[in-house]
Every structure is written in C-alpha cells, then in structure tokens.
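Just so you know, we're using my numbering here: the sequence shown kicks off at -16 and counts up by one.
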Amino acid sequence: MPICQMLSLYLLLFSHVCADYLCQSKRFVYRKRKNNSYFLFHIFLLWFFAFLLFLPYRSGKAIAVVTVLAISHLAVDKSKIRLQKRRPEINKKMLNVIDQCLHFLLIFLAWRVFLFNLPLPSFFSGHPRILNSLSVLIVILIIYKAITGLSEKEESK
C-alpha cells in the first residue's frame, strides 16, 4: 500500500494513542468520570492532537474527519461511563478493551472511507522512515499501556 494512504491512518492512530494513553493518568481518568470539564478537556486534546497532525495536509476534509472522530470518541466514552455507573458489576478491564476496539474501528472506517486517497503533504514525500518510526512508536505505546494498564489495580469508587 502506498505511503500516502498509510500516513493518514498512522496520524489518526497516533493522535488517539497520545490523547487516550499518554495524557491520561489514573487520577485524570477518575476525574473525567466525575467532572464533565475533565471529560471535555480530554475530547479537546484528542481533537487538537489530530488537528495539529493534519495541518500539513491543508485539507478541510481531513479536519472534518478529525472533528467527527472526536465527537464519536465523546459518544463512545460517555456511553462507557454511563454503563459503568448503571452496571458496576461489569468487568472494567474488559469494558476498556471493548472501548478501545470501538475507537480503533471508527478510526479505521473513517480513514478507509474518507482519507484513504488523501494526497501526501509535500514535506513527507520521500521520507518513508517517518512512517516506519511512527508505526513502531504506536505499537510500543499500545503494548506499554496494555501491560501497565492490566497490572494496575482498579480505582476505588
């Protein structure tokens, strides 16, 4: 698959990983469940990371997709929080896995339908190392968070 097609997917995944994994401590996640301002700040960060990464494309279509993905992220996360409150017996780790699968599915679908043929920004041309580095970084971050997340004790209510 050509580099230009994969780069936009990697940028979407990278922005998601940064916002959902790197910028959320256990304390922030707890506060996000209790306080809408923390929750909205999380959604803003998600949108902002993706927005910055897609600025070089100079594409209104890409910015619209980033905005729709941020709104869908809000809907998925809010649904998860509501479900946890209504059904506290549900395994939180399994719910988090389902939550992340939904996010990744929505990212993949948005990329495949809307950004698959997005032209490569000029300064990325001829630099396949950017893609390789980005893909390795994403995999490392996801594995790290999966390992540390599974070993953490759940926050008490």
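Idealized CB from N, CA, C, for every residue including glycine.
The structure presented is a predicted model; accordingly, all values stated were derived computationally and were not measured.
Smallest Cα separation from residue 12: which of 69, 98 and 61? Numbered from 1 along the sequence shown, position 29 holds the residue referred to as residue 12. When each option's Cα is compared against that of residue 12, the closest is 61.
State the DSSP-derived secondary structure class of residue -12, mapped to helix, strand or coil. On the sequence shown, residue -12 is found 5 positions in, with the first residue counted as 1. For residue -12, the three-state secondary structure derived from DSSP is helix.
I'd like to check one pair, residue -1 with residue 123: are the Cβ atoms closer than 8 Å? Residue mapping note: residue 123 aligns to position 140 of the sequence shown, counting from 1. Residue mapping note: residue -1 aligns to position 16 of the sequence shown, counting from 1. No, the Cβ-Cβ distance between residue 123 and residue -1 is not below 8 Å.
Cα-Cα separation, residue -7 to residue 10: Numbered from its first residue, the sequence shown carries residue -7 at position 10. Numbered from its first residue, the sequence shown carries residue 10 at position 27. Between the alpha carbons of residue -7 and residue 10 lies a distance of about 28 Å.
Using the Cα positions of residue 52 and residue 71, report the straight-line distance between them to the nearest angstrom. One-based indexing of the sequence shown puts residue 52 at position 69. One-based indexing of the sequence shown puts residue 71 at position 88. Roughly 27 Å separates the two Cα atoms.
If you check the beta carbons only, do residue 47 and residue -5 fall under 8 Å apart? Position 64 of the sequence shown, counting from 1, holds the residue named residue 47. Position 12 of the sequence shown, counting from 1, holds the residue named residue -5. No, Cβ-Cβ distance for residue 47 and residue -5 is not below 8 Å.
Can you tell which of 24, 69 and 36 has the C-alpha that lies nearest to the C-alpha of residue 54? On the sequence shown, position 71 is the one that residue 54 refers to. When only C-alpha atoms are compared, the closest one is 24.
Looking at residue -10: is its Cβ nearer than 8 Å to the Cβ of residue 103? Here residue -10 refers to the residue found at position 7 of the sequence shown. Here residue 103 refers to the residue found at position 120 of the sequence shown. Pairing residue -10 with residue 103 gives a Cβ-Cβ distance under 8 Å.
How many Å lie between residue 74 and residue 7 at the Cα? What you label residue 74 is simply residue 91 of the sequence shown in a count that begins at 1. What you label residue 7 is simply residue 24 of the sequence shown in a count that begins at 1. The alpha-carbon atoms of residue 74 and residue 7 are separated by roughly 20 Å.
I need the straight-line Cα distance from residue 79 to residue 69, nearest angstrom please. Counting from 1 along the sequence shown, the entry for residue 79 is found at position 96. Counting from 1 along the sequence shown, the entry for residue 69 is found at position 86. Each residue's Cα considered, the two are about 16 Å apart.
Around the Cβ of residue 143, are there at least 16 other Cβ atoms within 10 angstroms (buried) or fewer (exposed)? The question about residue 143 has no answer here: the residues shown for the chain are numbered -16 through 140.
Residue 10 - DSSP class collapsed to helix/strand/coil: Numbered from 1 along the sequence shown, position 27 holds the residue referred to as residue 10. Taken through DSSP and simplified to helix, strand or coil, residue 10 comes out as helix.
Between residue 49 and residue 82, how many whole angstroms is the CB-CB distance? I'm expecting something under 8 Å. Locating residue 49 in the sequence shown gives position 66, counting from the first residue. Locating residue 82 in the sequence shown gives position 99, counting from the first residue. Going by Cβ atoms, the distance from residue 49 to residue 82 rounds to 19 Å, so no, they are not a contact pair.
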